[in-house]
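In my numbering, the protein residues as written are 12 to 225.
What follows is the structure in structure tokens.
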């Protein structure tokens, strides 16, 4: 997904001072957090694109995605490049025309970027279903997330899983309750994300027989 990292002007000076006092060493330096913060982009320690999700989730998922898996993501950007390197295919929907124009330039044979206007409860949240495909992983990291989650299960393979980013937000409690009612288990990954100064949560919703062998 595109990155919306907070600019320096709105950061808590005390918290920033503590981070900078680390002297660019330790866990955050190893993950490339400082450069991600400086460039306001989701990149790793080598400057390669990654998803703007928690580092703990990235560490988990990158070892489990294979070239046999098809992915759909709501929201495009560095995450599209990250997942494309690991998966068989990545379909990504984008509602923002300017960002779609950028993402559409991704010249990879296993990537397809779709533009869809945003209307809550409309075609955007149904875009995975409208591909006519079934996906092993659907990542909800765009807009209208509750409706996207509800529609996602209709586009999953039998062993498919759904990933919901920023799942700690109160406005997404309905989505978590929905997955529970549908028999999905919940695996949360809480912690820091590239360039972000606050903790957040990225969650996997899965069933016992799943594509990630959880």
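Even glycine gets a Cβ: it sits at the ideal position worked out from N, Cα and C.
Would a C-beta distance cut-off of 8 angstroms place residue i and residue j closer than the cut-off?
i	j	result
residue 71	residue 195	no
residue 105	residue 124	yes
residue 84	residue 164	no
residue 76	residue 101	no
residue 152	residue 86	yes
residue 93	residue 206	no
residue 140	residue 181	no
residue 186	residue 157	yes
residue 63	residue 204	yes
residue 189	residue 161	yes
Please classify residue i as buried or exposed, where buried requires at least 16 other C-beta atoms within 10 Å of its C-beta.
i	result
residue 210	exposed
residue 18	Legend: pLDDT at residue 18 = 45, less than 50; position of this residue unreliable, value from coordinates given subsequently. By the 10 Å Cβ count, residue 18 comes out exposed.
residue 221	buried
residue 155	buried
residue 118	exposed
residue 147	buried
residue 60	buried
residue 21	Caution applies to residue 21, whose pLDDT of 43 falls short of 50 and renders its modelled position unreliable; the model cannot decide the point.
residue 66	buried
residue 57	exposed
residue 128	exposed
residue 103	buried
residue 38	exposed
residue 42	buried
residue 224	exposed
residue 133	exposed
residue 171	buried
If contacts are defined as beta-carbon pairs under 8 angstroms, then residue i and residue j qualify, I think. What distance do you get, rounded to the angstrom?
i	j	result
residue 145	residue 121	At roughly 16 angstroms, the Cβ-Cβ gap does not stay under 8 angstroms, so residue 145 and residue 121 are not in contact.
residue 213	residue 174	7 angstroms
residue 115	residue 89	In fact, because the Cβ distance is near 15 angstroms, the residues do not count as touching under 8 angstroms.
What does DSSP give as the partner residues of residue i in its beta bridges?
i	result
residue 122	101
residue 176	213
residue 167	146
residue 131	In the DSSP output, where bridge partners are listed per residue, residue 131 has none listed.
residue 151	85 and 175
residue 54	60
Closer than 7 angstroms to a non-hydrogen atom of the ligand ZN - does that hold for the CB of residue i?
i	result
residue 190	Looking for the ligand ZN in the displayed structure turns up nothing, as the structure carries no ligands at all.
Taking 8 angstroms as the CB-CB limit, is residue i close to chain D?
i	result
residue 193	Looking at the structure shown, chain D is missing, and only one protein chain is on hand.
**Report entry** Ranges of the beta strand (DSSP E) found wholly within the segment 194–225, counting only runs of at least 3
**Finding:** 196–202 and 211–217
Report task. Write down every uninterrupted run of the beta strand (DSSP E) in the segment 76–107 whose length is 3 residues or greater and which is fully enclosed by it, in chain order. Result -> 81–85 and 100–105
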